[in-house]
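Reviewing the structure listed below.
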Amino acid sequence: MTNKNCLICNYKIKVFVDFGMMPIANAFTKKPTTNNYLFDMKTGFCPKCKMVQLLYQPPKEMMFHDNYAFYSSTSKSMITHFENLSIEVEKNYLESKKDLIVEIGSNDGILIQNFKKKGYQCIGVEPSKNVAEVSKKKGINTINSFFDLNLANKILSTQGKAKIILSANVLCHIPYIHSIFEGIKNLLSDKGVYIFEDPYLGDVLDKTSFDQIYDEHVFLFSALSVSYLAKLYDLEIIDLSPQVTHGGSMRYTLAKIGSFTKNKIVDTIISNEKKIGLDQYLSFNKFSENIDSIGKELFTLLSKLKKQGKKVVGYGATSKSTTVNNYFKINSDLIDCIYDTTPIKQNTYTPGTNIPVLSYSNFHKSNPDYVLLYAWNHKDEIIKKEKKFMAENRKWITYIPKVEIF
Ligand code: JHZ
Ligand code: SAH
Numbered sequence: 076m077t078n079k080n081c082l083i084c085n086y087k088i089k090v091f092v093d094f095g096m097m098p099i100a101n102a103f104t105k106k107p108t109t110n111n112y113l114f115d116m117k118t119g120f121c122p123k124c125k126m127v128q129l130l131y132q133p134p135k136e137m138m139f140h141d142n143y144a145f146y147s148s149t150s151k152s153m154i155t156h157f158e159n160l161s162i163e164v165e166k167n168y169l170e171s172k173k174d175l176i177v178e179i180g181s182n183d184g185i186l187i188q189n190f191k192k193k194g195y196q197c198i199g200v201e202p203s204k205n206v207a208e209v210s211k212k213k214g215i216n217t218i219n220s221f222f223d224l225n226l227a228n229k230i231l232s233t234q235g236k237a238k239i240i241l242s243a244n245v246l247c248h249i250p251y252i253h254s255i256f257e258g259i260k261n262l263l264s265d266k267g268v269y270i271f272e273d274p275y276l277g278d279v280l281d282k283t284s285f286d287q288i289y290d291e292h293v294f295l296f297s298a299l300s301v302s303y304l305a306k307l308y309d310l311e312i313i314d315l316s317p318q319v320t321h322g323g324s325m326r327y328t329l330a331k332i333g334s335f336t337k338n339k340i341v342d343t344i345i346s347n348e349k350k351i352g353l354d355q356y357l358s359f360n361k362f363s364e365n366i367d368s369i370g371k372e373l374f375t376l377l378s379k380l381k382k383q384g385k386k387v388v389g390y391g392a393t394s395k396s397t398t399v400n401n402y403f404k405i406n407s408d409l410i411d412c413i414y415d416t417t418p419i420k421q422n423t424y425t426p427g428t429n430i431p432v433l434s435y436s437n438f439h440k441s442n443p444d445y446v447l448l449y450a451w452n453h454k455d456e457i458i459k460k461e462k463k464f465m466a467e468n469r470k471w472i473t474y475i476p477k478v479e480i481f
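And the structure:
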């Protein structure tokens, strides 16, 4: 059950990595099981509009529901990142406290809470009930639904046009992206902006961060593919800003064509994308080879450490780890357990590989020899936090951009 044509422009997609059957990345189970829902995970490139995408994504309700396992505020550096984003948005685009700000995929309120504190009119749209509840408890007006054209029109008829529409690590999750863009086109005021950020294709290829590919991430954007998409809705990219978050992201600012002066960086980044081949199918062959070498090296290293009787544990039961573990066949024979700070993930088993996920509060008692850093995108924050503990003759293992012990 795969889609052979591009979700953006309907052109025939060219496959570049076939991950095989994969579980839902955040489907942690209460008991070990071999009975997971699996889907065929293939990644493809559209030679026409340059969009990188999954050929199939599980139904949205299977991924985003009443027990969604990812709570945005588990990272201190992400809290700071979004606070800084709100300062920039206020400085560059907001004019009056009456301006309406709508955030798509507001999760526990990590971003929109900053605008609420500043006294702006705010709406968060968040379909996963448990995280939406956290946002509601913060006093944020949160609509517990999926954003689409219908919801955009409903907000428009009750609240009027939005000055700012935001989404962070959300747009790349949504296959019905045409409905989202139609909704944004209607809801956005003529002098409004849609600002979103998502993992950046350029970084994914450069760092071989293949684990950004899992069920939730149906798209991997570039400025090239986003500008094609925006144009279909009379929007254009007026600004781009590379971010270090999630291992390398891009912040895109979109507005109605002609309503703002375009920052020069937009053309610079687009020409650079052509230079590095983000518009060419051939560029993805190397990526695919790199993934396989990382896999072989990581599996060999973990098997060797196991034979030597070393204790290896994981750090951060990330969504990304589901791709790593399932594609490379890393299970509880190689990794004793994974420690994580998120209560809903604790005392569960990883999807498809049944590695126990335990409370972070036990990490320091566990006395590991090696710690596999699944949450590599939070490396700076985590290394700083664990400096003292890891100094006691323990080593980190990473696999992005290459397998390394440090
Ligand atoms: P983290 C999720 O990806 C899913 P994930 C989603 N698809 C997406 O795009 C991004 O987020 C935004 C834990 N942790 O941020 C918390 C510690 O235990 O890499 C999390 O479970 N100790 C929406 O899941 C996990 O690690 C710590 O000190 O790949 C991190 O998940 C820190 C910092 C985190 O996102
Ligand atoms: N913005 C936060 C949350 C990212 S998690 C951050 O950057 O950390 C992705 C969120 O998007 C989830 O909470 C999920 O429930 C939500 N989501 C998925 N599809 C959506 C849709 N159609 N409309 C709004 N939110 C959606």
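Quick note on the working numbering: the sequence shown kicks off at 76 and runs consecutively.
We treat Cβ as the ideally placed atom computed from N, Cα and C, and that holds for glycine.
No experiment lies behind these values; they were computed from the predicted model shown.
Per DSSP, the bridge partner or partners of residue i
i, result
"residue 314", "328"
"residue 97", "114"
"residue 50", "Limits of the chain in this structure are 76 at one end and 481 at the other, which puts residue 50 out of reach."
"residue 415", "434"
"residue 471", "446"
"residue 80", "87"
"residue 136", "According to DSSP, which records beta bridges pairwise, residue 136 is partnered with nothing at all."
Same chain, Cβ closer than 8 Å to residue i, neighbours up to 5 away in sequence not counted
i, result
"residue 101", "138, 143, 144, 145, 291, 394, 397 and 426"
"residue 455", "152"
"residue 386", "411, 441, 442, 443, 444 and 445"
Heavy atom of ligand 2 within 7 Å of residue i beta-carbon
i, result
"residue 222", "yes"
"residue 202", "yes"
"residue 99", "no"
"residue 182", "yes"
"residue 139", "yes"
"residue 185", "yes"
Euclidean distance between Cα positions of residue i and residue j
i, j, result
"residue 257", "residue 88", "24 Å"
"residue 166", "residue 444", "48 Å"
"residue 147", "residue 410", "25 Å"
"residue 324", "residue 274", "4 Å"
"residue 310", "residue 335", "11 Å"
"residue 319", "residue 128", "22 Å"
"residue 159", "residue 86", "39 Å"
"residue 360", "residue 91", "7 Å"
"residue 170", "residue 177", "15 Å"
"residue 267", "residue 237", "7 Å"
"residue 207", "residue 322", "26 Å"
"residue 114", "residue 404", "16 Å"
"residue 82", "residue 345", "21 Å"
"residue 270", "residue 467", "44 Å"
"residue 366", "residue 99", "20 Å"
"residue 93", "residue 116", "6 Å"
"residue 379", "residue 225", "55 Å"
"residue 341", "residue 150", "30 Å"
"residue 136", "residue 103", "15 Å"
"residue 120", "residue 371", "25 Å"
Residue i CB to nearest heavy atom of ligand 1 below 7 Å
i, result
"residue 193", "no"
"residue 118", "no"
"residue 145", "yes"
"residue 136", "no"
"residue 207", "no"
"residue 457", "yes"
Spatial neighbours of residue i in its chain, beta-carbon cut-off 6 Å, leaving aside the 5 residues before and after
i, result
"residue 179", "200, 222, 242 and 245"
"residue 330", "268 and 313"
"residue 472", "445, 447 and 480"
Cβ shell of residue i (< 7 Å), same chain only, five flanking positions each side left out
i, result
"residue 184", "199, 209, 210, 213 and 215"
"residue 78", "130 and 131"
"residue 202", "139, 219, 220 and 221"
"residue 477", "369"
"residue 172", "194 and 195"
Closer than 7 Å: residue i CB and nearest ligand 4 heavy atom
i, result
"residue 435", "Ligands displayed in this structure: ligand 1 and ligand 2; ligand 4 is not among them."
query = In the segment 143-218, which residue ranges form an unbroken beta strand (DSSP E) of at least 3 residues, counting only runs that do not cross its ends?
reply = Taking only runs of at least 3 residues, the beta strand (DSSP E) segments lying wholly in the segment 143-218 are 175-179 and 196-200.
Alpha helix (DSSP H) segments (min. 4 residues) lying fully within the segment 222-296 = If we require 4 residues or more, the alpha helix (DSSP H) runs fully inside the segment 222-296 come out as 224-234, 252-262 and 276-282.
key: Any alpha helix (DSSP H) of 4 or more consecutive residues that is wholly inside the segment 365-409   = Secondary structure remark: continuous alpha helix (DSSP H) runs of at least 4 residues inside the segment 365-409, in chain order: 394-403.
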